[in-house]
Amino acid sequence: MDRIPILKVGDCLLVTIQVDMHDELAMSLQEDLTSQIAKHASRGVLIDISSLEVVDSFIGRMLANIAAMSRVLDAQTVLTGMQPAVAITLVELGMSLPGIKTALNVERGMELLREFTQQNVGLEDSDGSED
Amino acid sequence: MSAFQQILRSNEDSILTSWLKGMSSSTRRSDLIDDADLKQQVKEFLRLFTEAAQISSDIQSAAYVSVREFLKQIAKSRMDRGFSPADTAMFILSLKEPVFVALKDTLKGNPSELVTEIWSSGDLLDKLAMLTVDTAIGFREQTISRQQEEMLELSTPVVKLWDGIVALPLIGTLDSARTQVVMESLLTAIVETNSQVAIIDITGVPTVDTLVAQHLIKTITAARLMGAECFLSGIRPAIAQTIVHLGIDLADIQTKAKLSDAFSIALRILGKSVVSARTAQASSKIKEE
Amino acid sequence: MALKTETFPIATSDDVVRVRQVTRIWSTELKFSLVDQTKFVTATSELARNTLEHGGGGTMTAEIIENGTRRGLRLTFRDEGPGISDINLALRDGYTTGGGMGLGLSGSKRLVNEFDIKSEPGRGTVVTIVRWK
């Protein structure tokens with residue numbers, strides 16, 4: 001079965017979701033990421049969703065799970081590239097993606113992660129609360 | 132074959148002539164369409180109509196496909212030229228007189244058949260006229276909605292205040308449709324300009340109701356979800372009162388009375404500050420955190 | 421009056437992906453705005469997944485419909501699963517039987533113009549959603 005590739009960039013992991021995932025693919029991404037974080041003792045995970053045109057509650061849950069599991073493993077997750085239409089839909093759906101930091105693009109996301117991994121300071125969540 | 136069908140078939144030319152002649156000047160609208168074009172339209176319609184009428188009197192049937200298509204074109208071209216929907220319908224309705232005259236001539240001695248034929252042919256032409264009016268109105272509605280969209284686009288400009296800061300100055304009353312377009316343009320602008328901060332300034336908005344407030348809150352939440360900071364400025368005392376009165380909770384959302392204050396905050400978020408040029412020269416770089 | 425109708429099976433998670441794509445394509449044909457399309461496809465995803473996971477599989481019927489001068493897209497999700505005993509409860513935000521965020525049904529309702537659900541324990545569920553242009 002196809003698996004979504006995970007790139008190691010320094011002590012961060014980078015994932016770009018480009019396909020319309022079916023549920024099993026999403027679950028295997030969750031598993032893969034968790035095991036990779038543990039294996040490399042990564043401090044940061046960047047998930048780029050700039051190609052994702054639909055984020056429903058299942059994907060939203062998956063992203064929240066990934067963030068939660070990373071945190072347990074002492075890694076910070078940042079979500080980048082959310083499309084405006086997706087953001088509007090998520091707000092309408094009522095999903096707040098708790099525990100997930102977001103950034104406009106990969107570049108900005110990597111900056112955020114660098115700040116975190118270097119200083120180990122809590123960053124503001126996408127819902128406005130501090131860690 | 133009914134008398135109506137027969138008459139159409141054998142008197143096509145004379146009906147055409149009397150139809151054209153009989154078009155009173157108000158129906159004629161020679162200011163909107165010239166003789167040659169009108170004659171062409173009239174002739175073509177009569178030809179298609181005669182053929183279809185030979186087969187059926189049901190205007191929705193397959194026999195009338197070309198008639199319906201032709202009427203749609205006429206409706207569209209007339210609406211484009213400035214005819215009203217009623218004028219467009221008169222195109223068909225003015226055909227009744229020559230038809231009735233021809234029927235009267237043919238069925239002189241048979242009053243009851245005459246009445247039946249007048250009734251059914253009149254009904255047929257009425258239905259076609261209704262179809263034309265519907266089509267004409269439909270085109271008008273399309274034009275209106277297209278113009279509305281264009282107006283919405285023009286009235287929601289997003290302004291770049293600085294590298295990484297965009298502002299959306301809203302002016303005038305906000306209705307639901309406009310607010311949604313506004314939401315989308317702001318969010319798209321944030322992505323396109325790679326801005327970290329967006330300021331929605333409502334100085335120019337006289338009133339805010341619950342629905343509009345909700346839309347603003349949703350926009351701000353969406354911008355945050357995308358990774359940008361977003362807040363409101365230009366809240367006038369009257370609006371502040373309304374917001375409290377309506378019980379709207381702006382807890383999470385930063386608000387500033389003046390756009391200039393909002394801009395200062397935005398700079399701070401970006402880690403930038405503005406210093407005087409002399410001082411800058413002296414220390415030879417702009418202070419950056 | 422339906423101008424175009426087609427029914428698709430929802431039996432696997434690939435089917436859920438496929439009906440998302442179908443909805444996207446039909447929405448594009450109807451020239452929905454990008455945001456309206458995204459909302460509608462997201463609602464489709466939620467409901468298709470419900471059909472698969474809670475309903476044990478079923479179908480989605482897509483129809484292009486007309487109401488006077490405006491056109492719309494109507495999707496009907498049918499399953500013959502266990503059904504829902506308390507619809508009002510199921511439509512409340514946060515309610516979930518599946519350990520998720522519980523936003524599938526209630527959330528979908530907010531993403532569409534018309535929403536209708538019929539369900540009885542033991543007799544399956546039918547959810548119909550419509551978005552007008």
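Residue numbers (our numbering), protein chains in the order written: chain W, 1 to 131; chain A, 132 to 420; chain Y, 421 to 553. Cβ atoms here follow ideal geometry from the backbone N, Cα and C, with glycine treated the same way.
Check                                                                                                     : Outcome
Unbroken alpha helix (DSSP H) run spanning P368 of chain A, endpoints                                     : 368-376
Paired residues, beta bridge with L381 of chain A - DSSP                                                  : According to DSSP, which records beta bridges pairwise, L381 of chain A is partnered with nothing at all.
Beta-carbon separation (whole angstroms), E248 of chain A vs L259 of chain A, contact threshold 8 Å       : The pair is not a contact, with the Cβ atoms about 17 Å apart (cut-off 8 Å).
Own chain residues within Cβ distance below 6 Å of A393 of chain A, not counting five before or after     : I330, S364, K387
Residue range of the unbroken beta strand (DSSP E) whose run includes F535 of chain Y                     : 534-539
Residues of the stretch 375-398 of chain A with Cβ closer than 8 Å to any Cβ of chain Y, in chain order   : none
Through-space distance from M95 of chain W to Q278 of chain A, alpha-carbon basis                         : 35 Å
Supposed close pair F135 of chain A, S251 of chain A - CB separation, criterion 8 Å                       : 7 Å
Nearest-angstrom Cα separation, counted from I400 of chain A out to L493 of chain Y                       : 44 Å
Cβ-based neighbour list, A422 of chain Y, same chain, cut-off 6 Å, excluding 5 preceding and 5 following  : E483, I485
DSSP state of F135 of chain A mapped onto helix, strand, coil                                             : helix
Per-residue contacts from M110 of chain W into chain A (C-beta, under 9 Å)                                : Result: empty, since nearest Cβ-Cβ is about 13 Å, beyond 9 Å.
C-alpha gap between Q457 of chain Y and L511 of chain Y, whole angstroms                                  : 23 Å
Chain Y contact residues for G269 of chain A, given Cβ-Cβ distances below 8 Å                             : T489
Below-7 Å beta-carbon distance, H40 of chain W vs any chain Y residue                                     : no
Per-residue burial, R543 of chain Y [other beta carbons within 10 Å of its own, 16 or more giving buried] : exposed
CB contact check: V55 of chain W to chain A, cutoff 7 Å                                                   : no
Chain A contacts from the stretch 12-23 of chain W (Cβ-Cβ distance under 8 Å)                             : none
Distance CB(V291 of chain A)-CB(T334 of chain A) smaller than 7 Å                                         : In the sequence as displayed, the identity of residue 291 of chain A is Lys instead of Val. It is not a contact, given that the beta carbons lie outside the stated cut-off.
Contacts that V455 of chain Y makes with chain A (C-beta to C-beta distance below 8 Å)                    : Q311, E315
CB-CB length for L531 of chain Y against K451 of chain Y, believed under 8 Å                              : The Cβ separation is near 18 Å, so there is no contact.
Cα-Cα separation, S161 of chain A to K170 of chain A                                                      : 12 Å
Under the three-state DSSP convention, the category G520 of chain Y falls into                            : Confidence at G520 of chain Y is low in this model, with a pLDDT of 48, below 50, so its placement is unreliable and no value can be given for it.
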